Amino acid sequence: MPRIRTSRTKPPPEGFEDIQDVLEDYEKKMRDAESESHEGKRKVESVWPIMRLSHARSRYIYDLYYKRELISRELYDWLIKQKYADADEVEEERLREALVPKASLKKGTVVECPHCGCRGCASTD
């Protein structure tokens, strides 16, 4: 969750206005996911939507800086410092390869990561 801006907070760098709408959409989706009912879900399943949104927001910032090169280093560092993205997730995204190759999975096997529910970061080892 991003920090709250106060009068003492350093203003955002140039270019933040261009991506602010998308980040606000992620924040609205995050609030909806946090207030969603946990009835009928396993303990680990209740946080999966939150983890997915957090990862998607970090992935968006990663793509803007490393892939599409649309934001400056100053804005990227400010977004990390203000917790719009998780620095560890962004670093992991830089180093990530296909962790579970689809070819190595047995047909019909359902593999889910216990942390976020995705099928890409789980391991069958």
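Quick note: the sequence shown uses this note's numbering, first residue 1, plus one each step. In this text, a Cβ means the ideal position worked out from N, Cα and C, and glycines have one as well. Just so we're clear, the structure is a prediction, and the values are computed from it rather than from any experiment.
| Item | Value |
| --- | --- |
| Can you tell me where the alpha helix (DSSP H) holding residue 81 begins and where it ends? | 73-81 |
| Could you tell me the alpha carbon to alpha carbon distance between residue 69 and residue 40, rounded to whole angstroms? | 43 Å |
| On the three-state DSSP scale, how would you describe residue 54? | helix |
| Quick one: grab the DSSP three-state call for residue 43. | coil |
| If you run the structure through DSSP and keep just helix, strand and coil, what is residue 61? | helix |
| How about residue 46 and residue 55: are their beta carbons less than 8 Å apart? | no |
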